[in-house]
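K.L.:
Chains as they are written, first to last, in my numbering: chain A, 244 to 356; chain B, 57 to 168. All C-beta atoms in this analysis are idealised placements derived from N, C-alpha and C, irrespective of residue type, glycine included.
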Amino acid sequence: DQQVKQNSPSLSVQEGRISILNCDYTNSMFDYFLWYKKYPAEGPTFLISISSIKDKNEDGRFTVFLNKSAKHLSLHIVPSQPGDSAVYFCAAKRGTSGSRLTFGEGTQLTVNP
Amino acid sequence: SQTIHQWPATLVQPVGSPLSLECTVEGTSNPNLYWYRQAAGRGLQLLFYSVGIGQISSEVPQNLSASRPQDRQFILSSKKLLLSDSGFYLCAWTPGWPYEQYFGPGTRLTVT
Numbered sequence: 244d245q246q247v248k249q250n251s252p253s254l255s256v257q258e259g260r261i262s263i264l265n266c267d268y269t270n271s272m273f274d275y276f277l278w279y280k281k282y283p284a285e286g287p288t289f290l291i292s293i294s295s296i297k298d299k300n301e302d303g304r305f306t307v308f309l310n311k312s313a314k315h316l317s318l319h320i321v322p323s324q325p326g327d328s329a330v331y332f333c334a335a336k337r338g339t340s341g342s343r344l345t346f347g348e349g350t351q352l353t354v355n356p
Numbered sequence: 057s058q059t060i061h062q063w064p065a066t067l068v069q070p071v072g073s074p075l076s077l078e079c080t081v082e083g084t085s086n087p088n089l090y091w092y093r094q095a096a097g098r099g100l101q102l103l104f105y106s107v108g109i110g111q112i113s114s115e116v117p118q119n120l121s122a123s124r125p126q127d128r129q130f131i132l133s134s135k136k137l138l139l140s141d142s143g144f145y146l147c148a149w150t151p152g153w154p155y156e157q158y159f160g161p162g163t164r165l166t167v168t
């Protein structure tokens, strides 16, 4: 049972435009959400997170939106840069799971110059 | 600052051979530690996690095992590798709060 889903395996955008990466979840017990960025042959790096008590969190060019009623979160990157090309994973934490995270399958973002 | 190390970076092993991957964390104490696997074209699958020395929880039954002999050392092992064990193995740590996990550079394992 895939509780965190990233339905788009890939996304291609032009440099300077907005990138929107989507993530859906099924478990209403998730209370904390995170986005990670991963380059090939490297470990993922943390980007941004959001608690379920918020609906938006912003950090520079990155903004995460959470819609709890739809069980949906999205990551907006504005403006997109070629260096943003990577695989992006969303992850979620259940309130009772300690610090364990459940990851989505990832979306490959390609930003074209 | 905290640093996480993994070795080896790459490994090619024949089917049926043993495996030992090591992960160490510097600059923190009593971290929560995790082993993940990323198979080709797939997401991150949690294999094991540990909240303290000698405390190991398994998420997926398989021929892999994990041990935590010291506070900041986490080891992933197998007695006999299978072809399906090929993948990119990642170690991660978190202080518990905040919840962000920090990943090591990974080990690319190819079982032939």
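Going by Cα to Cα distance, which pick from P325(A), V307(A), L254(A) and K311(A) is closest to S317(A)?
P.N.:
Reading the first sequence from its first residue, position 74 is the one you call residue 317(A). Comparing Cα positions, the closest option is V307(A).
K.L.:
Per DSSP, what kind of secondary structure is G47(B) in: helix, strand or coil?
P.N.:
Outside the modelled stretch of chain B, which goes from 57 to 168, sits residue 47(B), for which no answer is possible.
K.L.:
How would you label E348(A), buried or exposed, when you count the other beta carbons within 10 angstroms and need 16 or more for buried?
P.N.:
As a first step, residue 348(A) must be located in the first sequence, where it is residue number 105. Result: buried.
K.L.:
If I measure Cβ to Cβ from L352(A) and keep anything under 7 Å in the same chain, skipping five residues before and after, which residues do I get?
P.N.:
Here residue 352(A) refers to the residue found at position 109 when the first sequence is read from its first residue. Excluding positions up to five away in sequence, the list reads L254, S262, L264, D327, S328, A329 and Y331.
K.L.:
Given a limit of 7 Å on CB to CB distance, which residues of the stretch 120-138 of chain B reach chain A?
P.N.:
none
K.L.:
For V68(B), count the other beta carbons within 10 Å of its own beta carbon; 16 or more makes it buried, fewer makes it exposed. Which is it?
P.N.:
Within the second sequence, residue 68(B) is the residue found at index 12, counting from 1. By the 10 Å Cβ count, V68(B) comes out exposed.
K.L.:
Along chain A, in chain order, which residues have C-beta atoms closer than 7 Å to that of Y105(B)?
P.N.:
Looking up residue 105(B) in the second sequence gives position 49. In chain order, R343 make up the part of chain A whose C-beta sits under 7 Å from the C-beta of Y105(B).
K.L.:
Where DSSP assigns a beta bridge to N88(B), which residues make up the other side?
P.N.:
Stepping through the second sequence from its first residue, residue 88(B) is reached at position 32. BP columns for N88(B) point to T150(B).
K.L.:
Residues of chain A with a CB under 7 Å from the CB of L165(B): which are they?
P.N.:
Here residue 165(B) refers to the residue found at position 109 when the second sequence is read from its first residue. The premise fails here: L165(B) is roughly 13 Å from chain A at the closest Cβ pair, so nothing lies under 7 Å.
K.L.:
Quick check: is the beta carbon of P161(B) nearer than 7 Å to any beta carbon in chain A?
P.N.:
Taking the second sequence and counting its residues from 1, the one referred to as residue 161(B) is at position 105. Flagged as an interface residue toward chain A: P161(B), by a C-beta distance shorter than 7 Å.
K.L.:
Any beta-carbon of chain B closer than 7 Å to the one on E301(A)?
P.N.:
As a first step, residue 301(A) must be located in the first sequence, where it is residue number 58. False, the Cβ-Cβ gap to chain B never drops below 7 Å.
K.L.:
Output yes or no for whether 7 Å exceeds the beta carbon distance between Q62(B) and C147(B).
P.N.:
As a position in the second sequence, residue 62(B) is number 6, starting the count at 1. As a position in the second sequence, residue 147(B) is number 91, starting the count at 1. Yes, the pair counts as a contact, with Cβ atoms nearer than the cut-off.
K.L.:
Jot down the residue ranges of each uninterrupted alpha helix (DSSP H) in the stretch 270-319 of chain A, minimum 4 residues, whole runs only, in chain order.
P.N.:
Taking 4 residues as the shortest admissible run, the stretch 270-319 of chain A contains no complete alpha helix (DSSP H) segment at all.
K.L.:
If we ignore side chains and look at the alpha-carbon of each, how far apart do S323(A) and G259(A) end up?
P.N.:
For the purposes of this step, residue 323(A) is taken as the residue at position 80 of the first sequence. For the purposes of this step, residue 259(A) is taken as the residue at position 16 of the first sequence. So the two alpha carbons sit approximately 5 Å from each other.
K.L.:
Run down chain A in chain order and give the residues with a C-beta less than 7 Å from the C-beta of R98(B).
P.N.:
Here residue 98(B) is taken as the residue at index 42 of the second sequence, counted from 1. Correct list: E348.
K.L.:
Go to S133(B), then tell me how far its beta strand (DSSP E) extends in each direction, as first and last residue.
P.N.:
Within the second sequence, the letter at position 77 stands for residue 133(B). First-last of the beta strand (DSSP E) with S133(B): Q129 to S134.
K.L.:
Taking 6 Å as the limit between beta carbons, can you name the residues of its chain near T150(B), skipping five residues before and five after?
P.N.:
Within the second sequence, numbered from 1, the residue matching residue 150(B) stands at position 94. Within the same chain, T150(B) has close Cβ partners N88 and Q157.
K.L.:
Find the nearest neighbour of L132(B) within the set Y90(B), Q94(B), G97(B) and V81(B), judged by alpha-carbon distance.
P.N.:
If you number the second sequence from 1, residue 132(B) lands on position 76. It is Y90(B) whose Cα lies nearest to the Cα of L132(B).
K.L.:
Please identify the residue among I296(A), K336(A) and Q246(A) whose C-alpha is closest to the C-alpha of N310(A).
P.N.:
Within the first sequence, numbered from 1, the residue matching residue 310(A) stands at position 67. Ranking the options by Cα distance to N310(A), first place goes to I296(A).
K.L.:
Pull up the distance between the alpha-carbon of L277(A) and that of A335(A), whole angstroms please.
P.N.:
On the first sequence, position 34 is the one that residue 277(A) refers to. On the first sequence, position 92 is the one that residue 335(A) refers to. Answer to the nearest angstrom: the Cα atoms are 6 Å apart.
K.L.:
Determine the chain A residues that contact Y155(B) at a beta-carbon separation under 8 Å, and present them in chain order.
P.N.:
As a first step, residue 155(B) is located in the second sequence; it is residue number 99 there, counting from the start. Simply Y275, L277, S292, K336, S342 and L344.
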